[in-house]
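A quick write-up on the structure given underneath.
In our numbering, the protein residues as written are 1065 to 1609.
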């Protein structure tokens, strides 16, 4: 088995991963590993924009307060303020990459507003902000000589010092990876591994996330022993386009920010009876309200109405969304837009600080796979890319000048040399296949994949109960055993690895939900409908096997 060395191993190619790599390139050799193409990530699908206070009438304190309110006051105050205040530097990083954010005719930033915000503070590049940001960063990454990109490469597991026979403090020393086109398994050895793998939206049957969102980083970190926080808070975006051919297409929250109103099939507005902010209430409230209306009426969807804006405005402000809807026979200027909630964002994840520190030495986490405490019980619209930019910058500032290194320990006695428990370049054992054979029943993998996603949607969705969670937990335990047996019986494949990670994330979500005996933000349970007076973070210890 070959071993590849680098100073920094970045897993994931969304905004958090690529910006981390760009900052770290000034300090050493960076390897960026992504299991598909660089652009196949959640960041690329972001439509609305990126939060950043820029209007003189706005303040960081107002942004922080909006964030805390949206997060049902579970956010960590100091974290919220730190990330909001560092957002301008993150926006500048993108501008330096070549991103051109929209401006008004007078040259001022064309800031927009979304649900939960008290002011216009969303930087955007039309309605394909994520795509334009990703494209600009990818161009920069490909020009950086210090960055080596490894596409179509999936991480199997992190390499932990205690599991390869090294004494001393447990730390991450790299990862086993698989080259998908050839099936080759090899190791990437690095004293600094940064997980930026995004969320786990594919754990649910209906999601607007791409197929890559299988919670890989969260599962990798948990198996390595890292602490996981607040996994019960899965955000369901209220307005995913409801059409049999519209796979995963999101109607941006910016559409509501520019005046769209949620109505039923008769054109009657209904959000005001759920929240005085109406269609601009935070996402958890809007998603539950739509879900409630659908269940009350028996209708398959609700609708967005922005017809009053007219075709000229809609084509200019939302060209991509307008064209996409039109391709399905829906004219936003004339027709109601059918929408349903869908799993969108993972607010919890690997317990991490704003500069990426996790509970494991040598392992950092940034972006959606990390839980810094910014989002609390529900993410404020467009805060996700802001967090990715800021935490990538802060993580690189920590690791760059003072990187994690492999240091041999001091001898216990000066007269007696001891065997080092950590080596300058620890030998990573060959990947062992044991008695595993090529898989001959791939249908088992697809069946278990479908079962997990359906049971999570049915039992651990927008509204939960103790009974539903117990049923999900029982079935997931059985599925995890079946997947474990399959994993060791057959040679690993990318599908098997994703299924394994998906099952871990599903179980972490259920365990976290069972520990929270209240309704707060995205976690709403009929058995505990009230909020606790003293909310706590839900922390799960990593796997100790």
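Ideal placement from N, C-alpha and C gives every residue a C-beta, glycine not left out. A quick note: this is a predicted structure, and the numbers were derived from the prediction, not measured.
Beta-carbon separation (whole angstroms), residue i vs residue j, contact threshold 8 Å
{"i": "residue 1217", "j": "residue 1426", "result": "Their Cβ separation, rounded to whole angstroms, is 20 Å, which puts residue 1217 and residue 1426 out of contact at 8 Å."}
{"i": "residue 1420", "j": "residue 1462", "result": "7 Å"}
{"i": "residue 1098", "j": "residue 1251", "result": "17 Å between Cβ atoms; not a contact."}
{"i": "residue 1431", "j": "residue 1260", "result": "5 Å"}
{"i": "residue 1223", "j": "residue 1240", "result": "6 Å"}
{"i": "residue 1437", "j": "residue 1180", "result": "Their Cβ separation, rounded to whole angstroms, is 18 Å, which puts residue 1437 and residue 1180 out of contact at 8 Å."}
{"i": "residue 1571", "j": "residue 1540", "result": "5 Å"}
{"i": "residue 1434", "j": "residue 1455", "result": "7 Å"}
{"i": "residue 1087", "j": "residue 1416", "result": "That pair is no contact at about 17 Å."}
{"i": "residue 1548", "j": "residue 1296", "result": "24 Å between Cβ atoms; not a contact."}
{"i": "residue 1116", "j": "residue 1151", "result": "4 Å"}
{"i": "residue 1253", "j": "residue 1238", "result": "4 Å"}
{"i": "residue 1288", "j": "residue 1236", "result": "6 Å"}
Counterpart residues of residue i in DSSP-defined beta bridges
{"i": "residue 1511", "result": "DSSP, once it has assigned bridges, lists no residue as partnering residue 1511."}
{"i": "residue 1587", "result": "1584"}
{"i": "residue 1167", "result": "1173"}
{"i": "residue 1186", "result": "1115 and 1176"}
{"i": "residue 1601", "result": "Answer is none; residue 1601 lacks a bridge partner."}
{"i": "residue 1239", "result": "1222 and 1252"}
{"i": "residue 1333", "result": "1327"}
{"i": "residue 1528", "result": "1589"}
{"i": "residue 1366", "result": "1403"}
{"i": "residue 1554", "result": "1501"}
{"i": "residue 1566", "result": "Looking at the DSSP assignment, residue 1566 forms no beta bridge with any residue, so it has no partner."}
{"i": "residue 1095", "result": "1073 and 1212"}
{"i": "residue 1314", "result": "1304"}
{"i": "residue 1068", "result": "1252"}
{"i": "residue 1293", "result": "1413 and 1603"}
{"i": "residue 1217", "result": "1243"}
{"i": "residue 1271", "result": "1407"}
Span of the beta strand (DSSP E) around residue i
{"i": "residue 1081", "result": "Counting along the chain, residue 1081 falls outside any beta strand (DSSP E), though it belongs to the alpha helix (DSSP H) covering 1079-1088."}
{"i": "residue 1151", "result": "Not the beta strand (DSSP E): residue 1151 falls in the alpha helix (DSSP H), residues 1141-1161."}
{"i": "residue 1257", "result": "1257-1259"}
With 16 other Cβ atoms within 10 Å as the buried cut-off, status of residue i
{"i": "residue 1185", "result": "buried"}
{"i": "residue 1388", "result": "buried"}
{"i": "residue 1593", "result": "exposed"}
{"i": "residue 1246", "result": "exposed"}
{"i": "residue 1529", "result": "exposed"}
{"i": "residue 1299", "result": "buried"}
{"i": "residue 1582", "result": "buried"}
{"i": "residue 1144", "result": "buried"}
{"i": "residue 1327", "result": "buried"}
{"i": "residue 1337", "result": "exposed"}
{"i": "residue 1600", "result": "exposed"}
{"i": "residue 1645", "result": "The question about residue 1645 has no answer here: the residues shown for the chain are numbered 1065 through 1609."}
{"i": "residue 1451", "result": "buried"}
{"i": "residue 1506", "result": "exposed"}
{"i": "residue 1489", "result": "exposed"}
{"i": "residue 1196", "result": "buried"}
{"i": "residue 1512", "result": "buried"}
{"i": "residue 1320", "result": "buried"}
{"i": "residue 1573", "result": "buried"}
{"i": "residue 1542", "result": "exposed"}
{"i": "residue 1293", "result": "buried"}
{"i": "residue 1423", "result": "buried"}
{"i": "residue 1131", "result": "buried"}
{"i": "residue 1514", "result": "exposed"}
{"i": "residue 1637", "result": "With the chain covering only 1065 through 1609, there is no way to say anything about residue 1637."}
{"i": "residue 1596", "result": "exposed"}
{"i": "residue 1309", "result": "exposed"}
{"i": "residue 1159", "result": "exposed"}
{"i": "residue 1102", "result": "buried"}
Element boundaries [alpha helix (DSSP H), containing residue i]
{"i": "residue 1305", "result": "Careful: residue 1305 lies outside any alpha helix (DSSP H), inside the beta strand (DSSP E) at 1298-1305."}
{"i": "residue 1350", "result": "1347-1361"}
{"i": "residue 1128", "result": "1124-1134"}
{"i": "residue 1317", "result": "1317-1321"}
{"i": "residue 1616", "result": "In the structure as shown, the chain starts at 1065 and stops at 1609, and residue 1616 therefore has no counterpart that could be examined."}
{"i": "residue 1198", "result": "1193-1207"}
{"i": "residue 1106", "result": "1106-1109"}
Minimum length 3: unbroken beta strand (DSSP E) runs contained in the stretch 1379-1459: 1401-1410, 1413-1415 and 1427-1429
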